[in-house]
Structures are given as structure tokens and as C-alpha cells.
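Participant: Going by our numbering, the first residue of the sequence shown is number 37, and it counts up by one from there. We treat Cβ as the ideally placed atom computed from N, Cα and C, and that holds for glycine. My questions all concern the structure below.
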Amino acid sequence: MPSTRFRSTLNGYRLCRTVSYCVGGVGVVLMLLVVLLACCRCGIPCTTYLLSCVYWLFGVVFALLAVVVTVLAYLSWAACGEVELQQQRQPGVFQWYLVPYCEQKFDFADINREADDAERRFSKDACKNLLKSCDNKPISSKPLLCGNDITSEDQCPNFGTMASVLSATRVKAFTMACPVAGESCTLFECAANCTNTDVKAVSSGILQLAAQASNASIALSYARPLLDCNFVVDKLLGAMSDCNELKAGTLMLGTGFFVGGLMFGLAIYIMFRGSCIWDVRFITQGKSPRGLNGSGSVNAAQSS
Numbered sequence: 037m038p039s040t041r042f043r044s045t046l047n048g049y050r051l052c053r054t055v056s057y058c059v060g061g062v063g064v065v066l067m068l069l070v071v072l073l074a075c076c077r078c079g080i081p082c083t084t085y086l087l088s089c090v091y092w093l094f095g096v097v098f099a100l101l102a103v104v105v106t107v108l109a110y111l112s113w114a115a116c117g118e119v120e121l122q123q124q125r126q127p128g129v130f131q132w133y134l135v136p137y138c139e140q141k142f143d144f145a146d147i148n149r150e151a152d153d154a155e156r157r158f159s160k161d162a163c164k165n166l167l168k169s170c171d172n173k174p175i176s177s178k179p180l181l182c183g184n185d186i187t188s189e190d191q192c193p194n195f196g197t198m199a200s201v202l203s204a205t206r207v208k209a210f211t212m213a214c215p216v217a218g219e220s221c222t223l224f225e226c227a228a229n230c231t232n233t234d235v236k237a238v239s240s241g242i243l244q245l246a247a248q249a250s251n252a253s254i255a256l257s258y259a260r261p262l263l264d265c266n267f268v269v270d271k272l273l274g275a276m277s278d279c280n281e282l283k284a285g286t287l288m289l290g291t292g293f294f295v296g297g298l299m300f301g302l303a304i305y306i307m308f309r310g311s312c313i314w315d316v317r318f319i320t321q322g323k324s325p326r327g328l329n330g331s332g333s334v335n336a337a338q339s340s
């Protein structure tokens, strides 16, 4: 899943980069036409009007995009600020509205309370059943030594403690059921090599129960953080982990569109100003327009 998400994000970045290159390239090409017309001193009216319409259209588009992206930049700055407040658990939109709504809708507190009650109940029942076959006396009617020297089921408040108690339980030496006669042994040793089949079966059953309790304890340790609205909101906001890049990118993009719109407006002015100065009639007659010579000074004949 992380690799797939990374690849999709990378493809999105590449697409945005390609689109930005294409849009920017169109603007550059259209701007170069102004340079070409200026170098050729082209004053053909139809060309000027046609390009001015094209520039006006692109200028309006760039201006609208500049407004839209500027609004997006503002929203991204505001959203990223709210994300930072949520990560720091400080008052903000998420802490004021989203987290309380989540707690009201899903009520994770009751779910956690029910899970704790069920864990406590099952743990006590398991230790209570174990106490029927174990005590802390070396010789008694019970064949097992209680793990962790427990004397009451209240000493098993959760699955982790219960698993520890079950794993520490031993078979008493007087039973003569251990692999080495006359010595005590662990449930692991008894489950593998005990000579008494009944004690061996009991040891195997207790070990299976201990393994299940250990797995349940691990599962609950992973599940409990999930049953929290702040954690759920944090995971939903994981897609905005690159907020700083988003803020900078939208700001630069909006600035680029704004400058592009100004450039198109300036290009329209340059073309019409150039068409007035370099009128086609003066160009065809080999004269400088408006009484200017090649160097830009007033013709001597007219001045005299």
C-alpha cells in the first residue's frame, strides 16, 4: 500500500509538472511573437487585431487562473495551519468540530470501556480455572505451582498478566510426571516430554490458552490507539503531510499566472503602440514614421 500510494503521488506530481510546462510554453511562444513583429516592424492591422484578440483571451484565462490559484493558496495556508494545530492538539477547527462530531457519532469511549471489561472478565475466568489445579505449596492435591505466585483471580486484570501467569506455571515434582523424575518442570517441558498423559494434556491446553492470551494482548495494544477520534483524524489528514510544499507551490503558481496575465496585457499595448509608430505606409515608402529618422531624431528637412 505505501509503495502504491507513493507511485500515485509521484505520477500526480509529474502530471502537474507537464501541464505547467505546457501552459508556460504556450505563453512564452505567444510572447515571442511580439519580439518577431517588433524586429520585422510589422504594422499590418489584421495581424495586430488578430494577435491582440488571442492575447486578450489568454490574458483573461491567466487572470482567472491567477484568482483561482490565489484562493487555493489562501485555503492551503489556512488548512495547513489547522493541520499543525491538530497535530499539536491545540484548539482549532478539527478540535472544535470534527473530533467532537467523531466522538458523538462513534462513541469510542464506550467501545474501549467494553473491551476493557471483556478483557478483565476473561482474564479473571482463566486464572480462576487455573487456581483449581494449582497452588503455591510444593506438595498438595493440586499438581501445578501457580505462576507468579498468584492466590486470587483478581491478580489477573488483563490478558498480558494472564499470559505471564500461565507461562510461569510449573508442574510439581511430587507428581513424578516430568521428564526428569522427582524434579519440577515447566509447562513447555511437560507438554513435550511428560510421562503422565493427563498432566501432559493439561500442560498443552494451558500453553495454548497462554498463547491465545498473548496474541489477544498484542492485538488490543494495536487496536486501542485506533479507537480514538484524534488518531482517526490524524490518519485522514495524512494526505496533507506535505503542507509546506503545497503552500509554496500554490503561491508560486498563482504569482506566475498573475505575471502572465500582465504580460499579455503589456503585449497588446506594445503591438498597438508599434503599429501606430511603424505604420505600414511609411514602411512601404522607406520613410521613418511620424517624422523620425533612423536614429530617432526629428528630420532636418521638417525642422527647417
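1) Compare the C-alpha of residue 70 against each of 303, 150, 309 and name the closest.
2) Thinking C-alpha only, which one of 143, 140, 114, 142 is nearest residue 129?
3) Excluding sequence positions up to five away, which residues of its chain have a Cβ less than 7 Å from the Cβ of residue 290?
4) Looking only at its chain, what residues have a beta carbon closer than 7 Å to the beta carbon of residue 333, apart from the 5 residues adjacent to it on each side?
5) Between the alpha carbons of residue 161 and residue 250, how many angstroms are there, rounded?
6) Can you give me the Cβ contacts of residue 199 inside the same chain, cut-off strictly under 7 Å, excluding the 5 residues immediately before and after it?
7) Where do the ends of the alpha helix (DSSP H) carrying residue 134 lie?
8) Take the Cβ of residue 122 as the centre, count every other Cβ of all protein chains shown within 10 Å, and call the residue buried at 16 or more, exposed below.
9) From residue 217 to residue 257, what distance separates their C-alpha atoms?
10) Use the C-beta contact count for residue 241: other C-beta atoms within 10 angstroms, 16 or more gives buried, fewer gives exposed.
11) Could you name the residues that DSSP lists as bridge partners for residue 185?
12) Drop a sphere of 10 angstroms on the beta-carbon of residue 155, count the other beta-carbons inside from all chains shown, and report buried for 16 or more, exposed for fewer.
13) May I ask you to verify whether the segment 188 to 206 touches the segment 227 to 234, counting CB pairs closer than 8 Å and requiring at least 3?
14) So, using beta-carbon positions, are residue 186 and residue 210 closer together than 7 Å?
Facilitator: Considering the structure as presented:
1) The option with the nearest alpha carbon to residue 70 is 303.
2) Nearest C-alpha to residue 129 among 143, 140, 114, 142: 114.
3) 102, 105, 106, 109
4) Because residue 333 sits at a pLDDT of 42, beneath the cut-off of 50, its placement in the model cannot be relied upon, and the following sentence gives the value as read from the coordinates. Counting only Cβ-Cβ distances below 7 Å, and skipping sequence neighbours, we find nothing.
5) 16 Å
6) 246, 249, 250, 253
7) Taken as a continuous stretch (DSSP letters only), residue 134 belongs to no alpha helix (DSSP H), as it is neither H nor E.
8) buried
9) 41 Å
10) Classification for residue 241: exposed.
11) In the DSSP output, where bridge partners are listed per residue, residue 185 has none listed.
12) buried
13) no
14) no
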